[in-house]
Amino acid sequence: GDSVTQKEGLVTLTEGLPVMLNCTYQTIYSNAFLFWYVHYLNESPRLLLKSSTDNKRTEHQGFHATLHKSSSSFHLQKSSAQLSDSALYYCALSDRGSSGNKLIFGIGTLLSVKP
Amino acid sequence: GALVYQYPRRTICKSGTSMRMECQAVGFQATSVAWYRQSPQKTFELIALSTVNSAIKYEQNFTQEKFPISHPNLSFSSMTVLNAYLEDRGLYLCGARLGGRDYAEQFFGPGTRLTVL
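Line order of the protein sequences matches chains A and V.
Under the working numbering, the first residue of the first sequence is numbered 1, with each subsequent residue one higher.
Under the working numbering, the first residue of the second sequence is numbered 116, with each subsequent residue one higher.
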């Protein structure tokens with residue numbers, strides 16, 4: 001079945017360094033929709049980025065990601081980490097199967113930015 | 116803006132008892148509502164998807180008998196965890212979507228954290 005893999009459970013960075021959180025996926029559908037959600041403690045998960053267009057960079061709030069269908073990847077990047085970026089980040093895939101509009105989430109990556 | 120509220124935020128129940136949680140979309144009318152559970156050390160797992168004018172569809176490993184859902188209108192949904200046991204503990208998220216397209220953003224509530232004693 002469809003799945004999302006986030007290899008890193010925890011990424012620890014020093015403020016100012018670049019961020020890269022990995023996300024790969026598997027789906028039987030050629031028209032995959034990929035999302036990144038950011039989840040701060042005691043708040044609602046919030047959509048950060050989304051894309052369905054191959055090889056097109058999408059940006060929001062300093063973060064960017066490019067969907068590469070050839071490698072089934074949608075890695076999240078930022079040029080310079082800030083302390084306020086410390087949060088859980090979930091990569092998710094929209095499933096267009098018989099279940100309808102559901103999201104399949106990765107395990108999540110905890111980003112910890114230190115001064 | 117679009118907001119999703121969930122109530123209660125935290126709850127504790129005794130093993131074998133039931134508890135009900137609510138989800139309310141404010142500022143928009145949701146065309147679908149999804150309930151997810153995040154068990155300890157796991158990711159969010161879809162329990163069921165409720166779409167306007169369609170029957171509620173449960174995922175494998177989740178049943179209506181265990182997690183009955185009520186979705187009386189486009190803004191409100193409730194789900195009950197019947198006969199809760201230790202494996203039912205976790206964070207229950209409600210996600211409300213505006214529009215039927217896959218690309219339509221799903222707005223999440225902050226979740227209801229269930230502890231089972």
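No residue lacks a Cβ here, since even glycine has one placed at the ideal position from N, Cα and C.
Could you tell me how far apart the beta carbons of residue i and residue j are, in whole angstroms, since I believe they sit closer than 8 Å?
i: Tyr207 of chain V; j: Ser130 of chain V; result: Not confirmed; about 17 Å, so no contact.
i: Met136 of chain V; j: Gln121 of chain V; result: 7 Å
i: Ser147 of chain V; j: Leu164 of chain V; result: 6 Å
i: Lys78 of chain A; j: Thr12 of chain A; result: Contact doesn't hold; Cβ gap of about 15 Å is too wide.
i: Gln118 of chain A; j: Ser72 of chain A; result: With chain A covering only 1 through 115, there is no way to say anything about residue 118 of chain A.
Closer than 7 Å, CB to CB, is residue i near chain A or not?
i: Thr158 of chain V; result: yes
i: Gly205 of chain V; result: no
i: Leu164 of chain V; result: yes
i: Phe191 of chain V; result: no
i: Glu137 of chain V; result: no
i: Leu229 of chain V; result: no
Closest by CA to residue i, which one among the options?
i: Pro183 of chain V; options: V:Ser193, V:Cys138 and V:Leu189; result: V:Ser193
i: Asn119 of chain A; options: A:Val113, A:Ala87 and A:Phe105; result: Outside the modelled stretch of chain A, which goes from 1 to 115, sits residue 119 of chain A, for which no answer is possible.
i: Ser52 of chain A; options: V:Thr178, V:Gly224, V:Glu220 and V:Leu161; result: V:Glu220
i: Asn168 of chain V; options: V:Leu189, V:Glu160 and V:Leu161; result: V:Leu189
i: Gly205 of chain V; options: V:Leu197, V:Ala140, V:Phe191 and V:Thr227; result: V:Thr227
i: Tyr40 of chain A; options: A:Lys102, A:Ile104, A:His68 and A:Leu83; result: A:Leu83
i: Ala211 of chain V; options: V:Asn198, V:Ile127 and V:Val141; result: V:Val141
Quick check: is the beta carbon of residue i nearer than 7 Å to any beta carbon in chain V?
i: Ser73 of chain A; result: no
i: Lys69 of chain A; result: no
i: Ser80 of chain A; result: no
i: Ile28 of chain A; result: no
i: Gly9 of chain A; result: no
In terms of residue numbering, what span does the beta strand (DSSP E) encompassing residue i cover?
i: Ile162 of chain V; result: Phe159 to Thr166
i: Ala140 of chain V; result: Met134 to Val141
i: Thr114 of chain A; result: Strictly speaking, residue 114 of chain A in this sequence is Lys, with Thr absent from that position. Looking at the DSSP string, the run of the beta strand (DSSP E) that includes Lys114 of chain A is Thr109 to Lys114.
i: Ile104 of chain A; result: Lys102 to Phe105
i: Lys181 of chain V; result: Careful: Lys181 of chain V lies outside any beta strand (DSSP E) and carries neither H nor E.
i: Ser193 of chain V; result: Phe191 to Val196
i: Ser147 of chain V; result: Ser147 to Gln153
i: Cys23 of chain A; result: From DSSP, Cys23 of chain A is part of no beta strand (DSSP E); its letter is neither H nor E.
i: Ile171 of chain V; result: Unbroken run through Ile171 of chain V: none, as it is neither H nor E.
How long is the line joining the alpha carbons of residue i and residue j, rounded to whole angstroms?
i: Ser99 of chain A; j: Cys23 of chain A; result: Note that Ser99 of chain A has pLDDT 46, beneath the 50 cutoff, so the model's placement of it is unreliable and no number is given.
i: Ser94 of chain A; j: Glu8 of chain A; result: 21 Å
i: Ser185 of chain V; j: Trp150 of chain V; result: 11 Å
i: Val19 of chain A; j: His64 of chain A; result: 10 Å
i: Gly108 of chain A; j: Thr132 of chain V; result: 31 Å
i: Val107 of chain V; j: Ser44 of chain A; result: There is no way to answer for residue 107 of chain V, as the model of chain V reaches only from 116 to 232.
i: Ile104 of chain A; j: Arg57 of chain A; result: 22 Å
i: Arg125 of chain V; j: Ser3 of chain A; result: 29 Å
i: Leu17 of chain A; j: Phe74 of chain A; result: 20 Å
i: Asp85 of chain A; j: Leu49 of chain A; result: 14 Å
i: Asn31 of chain A; j: Glu59 of chain A; result: 20 Å
i: Gln175 of chain V; j: Glu15 of chain A; result: 42 Å
i: Pro123 of chain V; j: Pro155 of chain V; result: 19 Å
i: Phe33 of chain A; j: Lys69 of chain A; result: 10 Å
i: Leu110 of chain A; j: Leu10 of chain A; result: 5 Å
Comparing the C-beta of residue i with each C-beta of chain D, is any distance below 7 Å?
i: Pro225 of chain V; result: Chain labels in this structure do not include chain D; the protein chains are A and V.
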